[in-house]
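Heads up: the protein sequence lines correspond to chains A and B, in order. Numbering-wise (numbering that gives the first Met the number 0), the first sequence opens with residue 0 and increments by one. Numbering-wise (numbering that gives the first Met the number 0), the second sequence opens with residue 0 and increments by one. By construction, the Cβ of each residue, glycine as well, lies at the ideal position given by its N, Cα and C atoms. Accompanying notes for the structure given below.
2 protein chains.
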Amino acid sequence: MPLDRSLISGLALFAEMTPAEQEDILAKARSSRHPKDAVIFAQEEEAHSFFVLLAGHIRVVKTTPDGEQVIARYINEGELFGIAPAIGRTTYPASAIAAVDCVALAWPTRLWSDFASSYPSLTSNTYATVGRRLQETQQRVVEMSTEQVEQRVAHTILRLIKQAGRKTPEGIEIDFPITRQDIAEMTGTTLHTVSRLMSAWEDEGIVVGGRQKVTVSDPHRLMLIAEHRRKR
Amino acid sequence: MPLDRSLISGLALFAEMTPAEQEDILAKARSSRHPKDAVIFAQEEEAHSFFVLLAGHIRVVKTTPDGEQVIARYINEGELFGIAPAIGRTTYPASAIAAVDCVALAWPTRLWSDFASSYPSLTSNTYATVGRRLQETQQRVVEMSTEQVEQRVAHTILRLIKQAGRKTPEGIEIDFPITRQDIAEMTGTTLHTVSRLMSAWEDEGIVVGGRQKVTVSDPHRLMLIAEHRRKR
DNA sequence: CGCTGTGTTGAATGCCGTCAACGTCGGTGG
DNA sequence: CCACCGACGTTGACGGCATTCAACACAGCG
Numbered sequence: 000m001p002l003d004r005s006l007i008s009g010l011a012l013f014a015e016m017t018p019a020e021q022e023d024i025l026a027k028a029r030s031s032r033h034p035k036d037a038v039i040f041a042q043e044e045e046a047h048s049f050f051v052l053l054a055g056h057i058r059v060v061k062t063t064p065d066g067e068q069v070i071a072r073y074i075n076e077g078e079l080f081g082i083a084p085a086i087g088r089t090t091y092p093a094s095a096i097a098a099v100d101c102v103a104l105a106w107p108t109r110l111w112s113d114f115a116s117s118y119p120s121l122t123s124n125t126y127a128t129v130g131r132r133l134q135e136t137q138q139r140v141v142e143m144s145t146e147q148v149e150q151r152v153a154h155t156i157l158r159l160i161k162q163a164g165r166k167t168p169e170g171i172e173i174d175f176p177i178t179r180q181d182i183a184e185m186t187g188t189t190l191h192t193v194s195r196l197m198s199a200w201e202d203e204g205i206v207v208g209g210r211q212k213v214t215v216s217d218p219h220r221l222m223l224i225a226e227h228r229r230k231r
Numbered sequence: 000m001p002l003d004r005s006l007i008s009g010l011a012l013f014a015e016m017t018p019a020e021q022e023d024i025l026a027k028a029r030s031s032r033h034p035k036d037a038v039i040f041a042q043e044e045e046a047h048s049f050f051v052l053l054a055g056h057i058r059v060v061k062t063t064p065d066g067e068q069v070i071a072r073y074i075n076e077g078e079l080f081g082i083a084p085a086i087g088r089t090t091y092p093a094s095a096i097a098a099v100d101c102v103a104l105a106w107p108t109r110l111w112s113d114f115a116s117s118y119p120s121l122t123s124n125t126y127a128t129v130g131r132r133l134q135e136t137q138q139r140v141v142e143m144s145t146e147q148v149e150q151r152v153a154h155t156i157l158r159l160i161k162q163a164g165r166k167t168p169e170g171i172e173i174d175f176p177i178t179r180q181d182i183a184e185m186t187g188t189t190l191h192t193v194s195r196l197m198s199a200w201e202d203e204g205i206v207v208g209g210r211q212k213v214t215v216s217d218p219h220r221l222m223l224i225a226e227h228r229r230k231r
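In structure tokens form, the structure reads like this:
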């Protein structure tokens with residue numbers, strides 16, 4: 000059964016393409032479902048495909064030779080991922096793991112160069128994405144160089160609720176399961192320190208904890224902590 | 000006086016272009032000299048131009064709101080820099096400072112889109128560069144998350160001698176003036192810690208220090224330190 | 001010849017990682 | 001149903017690495 004154009008017509012990535020072009024691209028796509036915790040592709044693996052995430056959230060993880068993990072980023076709905084070919088790689092530089100049940104579209108890597116020449120808007124959107132990620136990553140380097148752990152964790156949580164926040168009666172909640180360990184791997188610290196910080200924030204009424212869940216009830220005060228302007 | 004094609008014909012960036020195309024691009028370029036310590040462009044400034052470095056070394060620096068500095072990278076001869084337009088920015092995300100006397104070519108930003116459509120090889124080379132920088136930056140995040148200061152400094156120095164090393168009787172020397180403070184700003188530590196580490200390494204005969212100078216006499220042992228496999 | 005930028009080194013402080021123990025939640029299977 | 005077990009989370013104690021504070025040495029330059 001052919002894929003319906005409505006799947007992608009709402010995405011900014013394809014917004015500048017004609018319906019016929021969208022159909023064409025869809026005709027070459029394969030859709031895939033990935034249950035929670037599934038490995039969509041693995042670091043170092045031959046980059047057979049590139050993807051667009053239609054639904055869910057994906058964790059992109061880099062693993063060091065001695066087994067330590069660092070979370071490079073989370074992918075949201077509508078975003079490209081696994082675009083190794085676009086940056087001149089033949090293997091994936093990290094692993095992609097479904098944080099929740101996910102639906103994605105996949106194209107064989109070899110189609111990338113065709114797409115790039117046929118659909119300039121796709122190319123420019125892709126490189127805008129790569130550029131944005133470069134800037135985000137550099138910002139992260141700056142934070143890791145200049146800030147203390149508490150500020151980094153606060154910044155990271157603020158970023159998460161900004162890009163994947165969902166309103167609840169108690170505040171804004173991160174829309175996918177996330178452990179203290181995950182947050183530690185995003186900030187370069189340990190789950191112990193994250194736990195301590197969040198316990199303290201919970202006592203102050205800034206966040207509400209929960210198993211694999213983070214809800215921010217007072218974003219403003221969290222921002223003050225992130226900016227290191229908390230009175231004390 | 001028109002610029003000579005030989006200026007760029009040897010650069011990988013332009014290797015796939017015809018002589019006529021190279022002439023065309025050069026005709027639109029402006030060449031510029033920048034003495035040591037000159038600010039070539041400043042963070043947040045409107046991105047009026049993009050550049051290719053013909054000779055010298057450039058330090059790319061991000062400054063935080065409260066005045067702390069982080070060195071994002073060094074630019075070598077033949078590399079693009081200031082390519083804000085290519086990643087969808089209108090202002091520069093960092094400042095570029097001449098580490099030594101430099102010669103560069105500059106084009107007005109508004110020409111970028113023309114170039115991008117007229118010279119596909121230039122585009123793909125540019126994005127390969129952006130992709131490479133993204134990967135380098137992510138690698139840096141991984142290092143900052145998982146390694147101790149000593150390993151990070153060792154890795155950084157090894158990277159510097161790899162990309163800008165010059166052989167001397169005493170070992171391999173970094174080809175531009177670099178202070179302890181600079182190394183601290185690349186590794187997220189303080190000049191004090193860098194100085195202590197390098198003094199220790201000098202005692203062990205691994206490096207030779209000097210004012211604004213670093214020479215590595217035993218790269219192999221430095222690599223062992225970087226990999227944290229030093230016997231002790 | 002003083003001044004500024006750079007580099008070195010000692011001592012003290014403290015942040016946060018490490019080690020350890022325990023608590024809790026949720027799924028699973030007897 | 002409930003006992004069990006593994007994953008997740010919390011908390012205390014301790015210690016070490018690196019920053020901070022301080023003082024001094026040295027080079028280059030106007």
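Strictly below 8 Å CB to CB, what residues from chain B border residue i?
i: M143 of chain A; result: V140, M143, S144 and G187
i: P92 of chain A; result: Q134 and Q137
By the DSSP assignment, the alpha helix (DSSP H) with residue i in it spans what residues?
i: K166 of chain B; result: Per DSSP, K166 of chain B belongs to no alpha helix (DSSP H); it is in the beta strand (DSSP E), G164 to T167.
i: P218 of chain A; result: P218 to A225
i: R195 of chain B; result: L190 to D202
Looking at the unbroken beta strand (DSSP E) that takes in residue i, where does it start and where does it end?
i: I182 of chain B; result: From DSSP, I182 of chain B is part of no beta strand (DSSP E) but of the alpha helix (DSSP H) over R179 to T186.
i: L2 of chain A; result: Unbroken run through L2 of chain A: none, as it is neither H nor E.
i: L110 of chain A; result: Per DSSP, L110 of chain A belongs to no beta strand (DSSP E) and is neither H nor E.
i: E172 of chain B; result: G170 to I173
i: H11 of chain B; result: This sequence places Ala at residue 11 of chain B; His is not what is there. Per DSSP, A11 of chain B belongs to no beta strand (DSSP E) and is neither H nor E.
i: I96 of chain B; result: S94 to A97
According to DSSP, simplified to helix, strand and coil, what is residue i?
i: F50 of chain A; result: strand
i: Y118 of chain A; result: coil
i: I160 of chain A; result: helix
i: K230 of chain B; result: Residue placement at K230 of chain B is flagged as unreliable, the pLDDT there being 44, under the threshold of 50; the coordinate-derived value follows with that caveat. Three-state DSSP puts K230 of chain B in coil, outside helix and strand.
i: T214 of chain B; result: strand
i: Y73 of chain A; result: strand
i: T125 of chain B; result: helix
i: I205 of chain B; result: coil
i: T89 of chain A; result: coil
i: Q134 of chain B; result: helix
i: Q147 of chain A; result: coil
Starting from residue i, find everything on chain B with Cβ-Cβ shorter than 7 Å and list it in chain order.
i: A71 of chain A; result: Q137
Identify the contact partners of residue i in chain A, using a Cβ-Cβ distance below 9 Å as the criterion.
i: A241 of chain B; result: Past the edges of chain B, shown from 0 to 231, lies residue 241 of chain B, and the structure says nothing about it.
Closest Cβ-Cβ distance between residue i and chain A: below 7 Å?
i: Q42 of chain B; result: no
i: G130 of chain B; result: yes
i: E67 of chain B; result: yes
Show which residues of chain A have a CB atom less than 7 Å away from the CB atom of residue i.
i: T63 of chain B; result: V141 and T145
Tell me whether residue i, by its Cβ, gets closer than 6 Å to a heavy atom of the ligand SAM.
i: S117 of chain B; result: Because no ligand of any kind appears in the structure shown, any question about the ligand SAM cannot be addressed here.
Would you say residue i faces chain B, with C-beta separation under 7 Å as the test?
i: A225 of chain A; result: no
Just list the alpha helix (DSSP H) runs in the stretch 16–66 of chain B, keeping only unbroken ones of 4 residues or longer that don't cross its boundaries, in chain order. With a minimum length of 4 residues, the continuous alpha helix (DSSP H) runs that stay inside the stretch 16–66 of chain B are 18–26.
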